[in-house]
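**Student:**
Protein chains: 2
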Amino acid sequence: VLRITYRLTCAPGEDPDAKARDVALEQTVELPRAAVPDDAARMIGAVERVEPLDVGRWRAVIAYPDEAAGQDIAQLLNLLFGGISMKSGILVTDLELSPAALAALPGPAFGIAGLRSLCGVARRPLLCTAIKPMGLSAAALAELAYRFARGGLDVLKDDHGVTSQPSAPFAERVARCQDAVARANAETGGRALYFPNVTGDAAGLERRLETARAAGCRGVLVSPLLQGLDAVRAMAGASGLAILSHPTLAGAFFQPDHGISAEVLFGKLYRLIGADGVVYPNPGGRFRWDAPSADALNAALRAPWGRIRPALPVPGGGMDAARVPAWAERYGPDTMFLVGSSLYAAGDVEGAARRLRDAVERLTSPPAPAPPAPRPPA
Amino acid sequence: VLRITYRLTCAPGEDPDAKARDVALEQTVELPRAAVPDDAARMIGAVERVEPLDVGRWRAVIAYPDEAAGQDIAQLLNLLFGGISMKSGILVTDLELSPAALAALPGPAFGIAGLRSLCGVARRPLLCTAIKPMGLSAAALAELAYRFARGGLDVLKDDHGVTSQPSAPFAERVARCQDAVARANAETGGRALYFPNVTGDAAGLERRLETARAAGCRGVLVSPLLQGLDAVRAMAGASGLAILSHPTLAGAFFQPDHGISAEVLFGKLYRLIGADGVVYPNPGGRFRWDAPSADALNAALRAPWGRIRPALPVPGGGMDAARVPAWAERYGPDTMFLVGSSLYAAGDVEGAARRLRDAVERLTSPPAPAPPAPRPPA
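In structure tokens:
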């Protein structure tokens with residue numbers, strides 16, 4: 007079965023058991039129970055548990071038959087929150103797939119270990135920035151990529167709003183940025199990677215992936231909620247490119263009492279469709295959403311889950327370079343920090359990147375050996 | 007320019023002008039103003055107006071350069087609400103495209119007039135139901151389609167959760183349902199249409215459309231937020247099939263003070279990507295979202311808008327058959343009523359459908375001529 011956990015918030019007089027049963031009907035047969043023919047009754051979600059959490063809130067667990075969604079990602083999203091999105095007080099807080107469903111979805115092709123290998127970084131946290139803003143020429147964006155690569159960042163991704171504006175058309179931008187990063191790597195001996203944003207029209211996606219591959223890129227950025235989740239799943243399986251997912255539009259799901267929790271949306275769904283790295287807005291950054299703890303999200307991305315590889319948490323969105331070491335202490339080394347504005351604000355982006363890289367290197371260097379302790383007097 | 011209107015809800019002490027400027031930066035350059043290079047400054051949205059609405063609320067209008075989104079639907083959605091989705095108190099209430107952008111997006115291939123022509127219905131409101139539930143065999147679903155077609159409904163669409171479950175695989179279901187409806191039409195002389203749900207994996211979409219076309223279907227149902235908005239746009243242009251859009255997942259955008267208004271999401275975006283008919287949850291039905299007036303949404307779908315054809319409003323979601331005549335009085339004849347559960351609850355779906363059709367026919371029949379007035383005495 008496919009098991010979904012909800013936090014139900016009930017209005018005064020609303021019955022949590024009835025609300026759970028309504029969810030189970032709405033997400034499957036979309037009929038009142040009495041109108042469901044016997045031949046279809048097996049599709050109705052089975053309410054396994056409804057238990058009080060705090061005033062006005064209950065935790066409900068509903069088990070759906072695998073055949074309701076199968077391996078169809080669009081239908082999985084529909085089953086998760088499609089119809090009930092138009093109701094209220096329903097927050098999806100967990101998702102469990104059956105071993106059979108999990109086995110049919112390969113998940114990230116690279117995962118944490120694969121991304122580390124691509125970057126040639128064994129232990130320390132990884133560092134990422136965004137090449138921006140939209141409106142610059144491809145040459146100017148490439149110069150920024152070159153500077154950040156020389157400064158020692160690991161992944162230089164396009165900003166998620168940089169698509170194929172006339173000032174920097176996709177193919178030209180990819181060629182120039184990738185060349186610039188290769189040149190910087192040749193100069194420094196580094197292994198910085200450029201990940202272009204491939205989000206855009208549906209019909210052109212395959213061509214954009216081919217352009218990125220042909221230029222020598224090893225990964226790409228994509229916004230699953232803009233491109234369609236299954237389009238991302240298909241890329242992960244077939245493109246040979248690492249995938250960094252962008253959270254844009256996801257804030258719609260983060261209402262306090264209604265939506266899909268970040269652990270489920272980013273930590274499970276984005277991982278399931280094959281994101282090797284999952285960008286999310288770090289609490290305390292410039293986004294003011296009421297995020298559940300990033301720790302729980304990080305744990306979900308890294309946890310064992312069938313044969314699905316762990317994905318790399320990528321906190322960003324107003325991540326201050328100066329605070330990266332503190333966040334790294336908290337989040338641990340299997341994290342990629344996406345630092346943008348605070349590097350740009352420094353003016354000398356190469357120098358700012360180098361200082362950030364140095365600070366992160368220091369975190370994981372073994373401490374200098376302590377001087378030998380004075381011998382105790384004999 | 008591309009002009010977006012927002013309703014900003016400010017926390018105590020939050021400055022509405024600063025909030026509007028922050029939106030203009032966040033949705034374009036994603037940098038603090040001081041860090042934006044001169045070469046990209048033209049991309050920042052221009053805050054044209056910030057005016058008070060009521061306590062704590064302001065109306066802001068921001069004009070973005072066309073080149074920020076171009077004709078890229080994914081990027082248009084990103085520009086509309088991508089990054090700011092993760093902030094709070096920002097509701098998109100209007101969207102205006104430049105004549106150039108509008109001209110590049112053909113919109114519905116059929117529109118209201120085209121759907122009426124397909125159904126052979128000149129004046130009265132149209133009638134639609136959902137073939138369900140998931141879990142029935144293709145044969146059982148086809149029998150339902152046959153009954154509804156005999157009862158005189160115009161459009162019989164798959165339920166949005168009926169995808170390609172093993173009990174009714176897509177190709178078998180389409181063939182059986184389409185045959186059943188053709189048989190009913192041959193018996194009644196009617197022109198009922200079967201619209202299969204083509205939502206599913208990205209790679210298989212083209213094949214599903216071909217299957218529907220080959221079977222003789224004239225239209226399909228698709229869920230844009232599951233499939234990807236641009237995938238729908240591409241279908242509208244090339245498939246030769248009428249498109250009915252389903253609102254699933256859209257409730258995420260309908261937070262009271264944060265999101266995208268139904269007029270913009272359904273009334274403009276779904277119309278722009280080519281939905282000929284737009285299903286939406288009717289206020290007072292089984293969905294409890296705080297919908298703005300359906301009248302405004304209906305008006306947006308039908309209003310003149312460049313060369314974009316008007317799209318048919320399709321209120322549904324707990325639409326009671328008995329109340330359709332009352333809603334029809336309010337919404338007017340250029341509406342398709344999606345009536346599901348109340349027909350199923352009747353048991354005899356053919357009879358229930360016929361009573362609904364008769365009730366709607368009576369609405370628009372010219373009243374019987376009044377008896378001649380008695381002559382006044384000479």
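Chains A and B, in that order, are what the protein sequence lines are. Numbering of the first sequence is given in this note's numbering, commencing with residue 7 and proceeding in unit increments. Numbering of the second sequence is given in this note's numbering, commencing with residue 7 and proceeding in unit increments. Where is the CB? At the ideal position from N, CA and C, for every residue including glycine. The structure displayed is predicted, hence computed values, not measured ones.
1) Suppose the cutoff is 8 Å on Cβ atoms and the five residues either side in sequence are ignored; what does the same chain contact list for A:G222 look like?
2) So what's A:C134 in DSSP terms, helix, strand or just coil?
3) From B:A242 to A:S123, what does the alpha carbon distance come to, in whole angstroms?
4) If I follow the unbroken alpha helix (DSSP H) through A:G322, where does it start and stop?
5) Where A:A384 and A:R368 are concerned, what is the direct C-alpha to C-alpha distance, given to the nearest angstrom?
6) How far does the alpha helix (DSSP H) with A:I118 in it extend, from its first residue to its last?
7) Does the CB of B:M49 have a neighbour CB from chain A at under 8 Å?
8) Are B:L83 and B:L235 close, meaning C-beta to C-beta below 8 Å?
9) Count the other CB atoms within 10 Å of the CB of A:L275; is the residue buried (16 or more) or exposed (fewer)?
10) Could you check where the beta strand (DSSP E) with B:L162 kicks off and where it finishes?
11) Chain B beta carbons: is any one of them nearer than 8 Å to that of A:V29?
12) Apart from the five residues on each side of it in sequence, which residues of its chain come closer than 6 Å, Cβ to Cβ, to B:A66?
13) In chain order, what residues of the same chain have a beta carbon less than 6 Å from the beta carbon of A:E269, not counting five sequence neighbours either side?
14) Residues of the region 333-367 of chain A with a CB closer than 8 Å to any CB of chain B: list them in chain order, please.
15) Run through DSSP, which three-state label would A:R9 get?
16) Can you tell me the Cβ-Cβ gap for A:S104 and A:D72, rounded? I've got them flagged as a contact below 8 Å.
17) Taking 8 Å as the threshold (C-beta atoms), are A:V366 and A:A334 in contact?
18) Along the chain, where does the beta strand (DSSP E) containing B:M342 start, and where does it finish?
19) Identify which residue in A:A148, A:G196 and A:S143 has its Cα closest to the Cα of A:S389.
20) Under DSSP, the alpha helix (DSSP H) around B:F154 begins and ends at which residues?
21) Assuming A:G357 is part of the alpha helix (DSSP H), what are its boundary residues?
22) Going straight from the alpha carbon of A:M325 to that of A:S251, what length do you get?
23) Let me know the secondary structure DSSP gives B:T2 once reduced to three states.
24) Under the three-state reduction of DSSP, which class applies to B:V58: helix, strand or coil?
25) Report the option in A:E54, A:L85, A:G62 and A:I50 whose CA atom is closest to the CA atom of B:S229.
26) For B:K138, go through chain A and note every residue whose CB falls closer than 9 Å to its CB, in chain order.
27) Within 8 Å (strictly less), CB to CB, does B:M325 reach chain A?
28) Can you name the residues that DSSP bridges to A:I249?
29) To the nearest angstrom, report how far apart A:I266 and B:L147 are at their CA atoms.
30) Do you know whose CA, among B:L247, B:L227 and B:Q233, lies nearest B:A220's CA?
31) Chain B partners of A:G73, CB-CB under 9 Å?
32) When you compare each of B:G338, B:S347, B:L150 and B:R313 to B:A109 by their alpha carbons, which one comes out closest?
33) Can a CB atom of chain B be found closer than 8 Å to the CB of A:G206?
34) Under 8 Å by Cβ, that's how I've got B:T341 and B:P131 pegged, so tell me the actual separation to the nearest angstrom.
35) Could you check what DSSP says for A:I79 in three-state terms: helix, strand or coil?
**Tutor:** Working from what's here:
1) So the list reads Q184 and A188, once near-sequence residues are dropped.
2) DSSP places A:C134 in the strand class (E or B) of the three-state scheme.
3) Straight-line spacing of the CA atoms in B:A242 and A:S123 works out to 43 Å.
4) Careful: A:G322 lies outside any alpha helix (DSSP H), inside the beta strand (DSSP E) at L318 to G322.
5) Interpretation of A:A384 is limited by its pLDDT of 46, a score under 50 that renders its predicted location unreliable; the figure taken from the coordinates is listed afterwards. Whole-angstrom Cα-Cα distance: 38 Å.
6) Judged by DSSP secondary structure, A:I118 falls within the alpha helix (DSSP H) whose first and last residues are G117 to C125.
7) Yes, because at least one Cβ of chain A sits closer than 8 Å to the Cβ of B:M49.
8) Inclusion of B:L83 and B:L235 in the CB contact set at 8 Å is warranted, their separation being smaller than that value.
9) Burial call: buried.
10) According to the DSSP assignment, B:L162 belongs to the beta strand (DSSP E) that extends over V161 to D164.
11) By this cut-off, A:V29 is not an interface position.
12) Only Y12, L14, A26 and V56 meet the Cβ criterion.
13) Once the five neighbours on either side are set aside, the close Cβ partners of A:E269 are A302, L303 and A306.
14) Against chain B - using a Cβ distance shorter than 8 Å - the residues of the region 333-367 of chain A are G346, S347, Y350 and A351.
15) Three-state DSSP puts A:R9 in a strand.
16) 5 Å between Cβ atoms; contact.
17) Yes; because the gap between Cβ atoms is below 8 Å, this pair is in contact.
18) That run of the beta strand (DSSP E) goes M342 to L344.
19) This structure gives no information on residue 389 of chain A, because the portion of chain A shown stretches from 7 to 384.
20) First-last of the alpha helix (DSSP H) with B:F154: A144 to G157.
21) V355 to T370 is the extent of the alpha helix (DSSP H) around A:G357.
22) Distance between the alpha carbons of A:M325 and A:S251: 17 Å.
23) The question about residue 2 of chain B has no answer here: the residues shown for chain B are numbered 7 through 384.
24) The displayed chain sequence assigns Pro, not Val, to residue 58 of chain B. In the structure shown, B:P58 sits in a strand (DSSP, three-state: E or B).
25) Of the candidates A:E54, A:L85, A:G62 and A:I50, the one whose C-alpha sits nearest the C-alpha of B:S229 is A:L85.
26) Under the 9 Å cutoff, chain A gives V35, E36, L37 and A46.
27) No, because no Cβ of chain A sits closer than 8 Å to the Cβ of B:M325.
28) According to DSSP, A:I249 bridges with A:V226.
29) Answer to the nearest angstrom: the Cα atoms are 32 Å apart.
30) Selected option, being the one with the closest Cα: B:L247.
31) The sequence given here places Glu at residue 73 of chain A; Gly does not occur at that position. For A:E73, the neighbours in chain B by C-beta distance under 9 Å run, in chain order, M140, G141, Q171, P172 and S173.
32) When only C-alpha atoms are compared, the closest one is B:R313.
33) By the rule that beta-carbons nearer than 8 Å mark a contact, A:G206 touches chain B.
34) Contact holds; Cβ gap of about 5 Å.
35) DSSP places A:I79 in helix when its eight states are reduced to three.
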